[in-house]
Ligand SMILES: Cc1cc2nc3c(=O)[nH]c(=O)nc-3n(C[C@H](O)[C@H](O)[C@H](O)COP(=O)(O)OP(=O)(O)OC[C@H]3O[C@@H](n4cnc5c(N)ncnc54)[C@H](O)[C@@H]3O)c2cc1C
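Pasting the structure below:
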């Protein structure tokens with residue numbers, strides 16, 4: 155089956171995440187040295203509920219740099235190049251993406267948008283196009299190999315691969331960057347595929363660190379109104395001028 159679905163796996167996150175954030179916040183307002191407090195934080199002698207409460211309160215005040223000390227790393231597959239083109243616009247992050255130069259694309263998988271999937275005529279056309287592109291890729295690669303491009307053939311043949319082609323990526327973001335990512339990409343205005351990935355990441359982050367992520371999501375969730383303006387609002391929350 156060349157058509158694939160998204161998978162998001164949490165590979166790792168900074169250990170003792172809550173205590174690190176608590177320690178970073180505490181150091182800003184505490185005359186002592188948090189290095190001396192560390193054992194009490196990780197052992198739970200300073201209750202985790204207390205740490206969480208402190209962190210939540212300070213985060214609300216807009217003091218956000220302490221949450222940059224904690225990073226999450228995800229592996230994502232079953233997503234399109236159209237998705238990763240949007241994803242990598244989030245610059246405060248690290249990415250390692252499957253290469254189309256080194257990985258053969260002869261049997262590329264692809265992602266089908268739901269609106270195409272549920273329309274027989276559109277789906278037929280889409281799948282025919284994917285099969286044609288596969289064939290073209292193989293033929294091009296063969297011609298290039300026969301003409302001396304050898305292992306470099308894939309590097310040129312990939313120019314015919316579509317935005318729908320599946321890719322895989324490992325990405326790391328710190329909590330501050332993740333909050334910004336969720337604000338933008340959990341919004342109904344965001345494109346469906348990146349929204350899906352953002353919600354999967356958010357679910358995993360919430361399980362690990364609810365103090366930071368329980369209330370994360372599109373900006374409207376926190377604001378109680380829609381900041382996207384009249385033209386773009388999805389109508390889920392009122393516009394600011396209609397609240398007054
Ligand atoms: C609905 C939607 C539609 C979009 N449409 C388009 C589009 O049509 N075309 C397009 O090109 N992009 C588009 N984007 C991408 C968007 O413009 C951002 O590039 C992307 O969402 C990354 O956001 P960011 O810069 O906040 O994140 P990051 O790059 O991770 O940056 C995080 C934060 O760091 C700060 N920062 C980072 N770099 C700089 C800098 N150079 N100068 C100052 N501050 C900086 C900013 O505060 C920024 O919010 C769209 C995004 C969304 C959500």
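Residue numbers (our numbering): 155 to 398.
Virtual Cβ for every residue (Gly too), placed ideally from N, Cα, C.
On a predicted model such as this, the values are computed, not experimentally measured, just so you know.
For the beta strand (DSSP E) containing residue i, list its first residue and its last residue.
i           : result
residue 320 : 320 to 328
residue 251 : 248 to 251
residue 229 : 225 to 234
residue 164 : 161 to 167
Just to confirm, does residue i get its C-beta within under 7 Å of one of the non-hydrogen atoms of ligand 1?
i           : result
residue 344 : yes
residue 334 : yes
residue 317 : no
residue 167 : no
residue 236 : no
residue 244 : yes
residue 247 : yes
residue 173 : no
residue 339 : yes
residue 326 : no
Going by beta-carbon coordinates alone, are residue i and residue j separated by less than 8 Å?
i           : j           : result
residue 362 : residue 251 : no
residue 325 : residue 228 : yes
residue 159 : residue 328 : no
residue 372 : residue 337 : yes
residue 292 : residue 253 : no
residue 162 : residue 358 : yes
residue 280 : residue 265 : no
residue 298 : residue 226 : no
residue 210 : residue 365 : yes
residue 320 : residue 232 : yes
residue 335 : residue 244 : yes
residue 307 : residue 224 : no
residue 348 : residue 241 : yes
Starting from residue i, trace the alpha helix (DSSP H) in both directions and tell me its first and last residue.
i           : result
residue 289 : 274 to 298
residue 360 : 346 to 362
residue 310 : 307 to 311
residue 174 : 171 to 183
residue 205 : 202 to 214
residue 270 : 268 to 271
residue 193 : 192 to 197
residue 377 : 373 to 377
Do we get a CB-CB distance below 8 Å when we pair residue i with the residues of chain D?
i           : result
residue 158 : Protein chain content of the structure displayed is limited to a single chain, and chain D is not contained in it.
When you compare the segment 175 to 184 with the segment 232 to 241, are there three or more beta-carbon pairs, one atom per stretch, that lie closer than 8 Å? no
Determine contact between the segment 283 to 294 and the segment 312 to 322, defined as no fewer than three beta-carbon pairs at a distance below 8 Å. Segments in contact, yes.
For the segment 367 to 387 and the segment 339 to 354, state whether three or more C-beta atom pairs, one from each stretch, are separated by less than 8 Å. Contact annotation: the segment 367 to 387 touches the segment 339 to 354, with at least three C-beta pairs closer than 8 Å.
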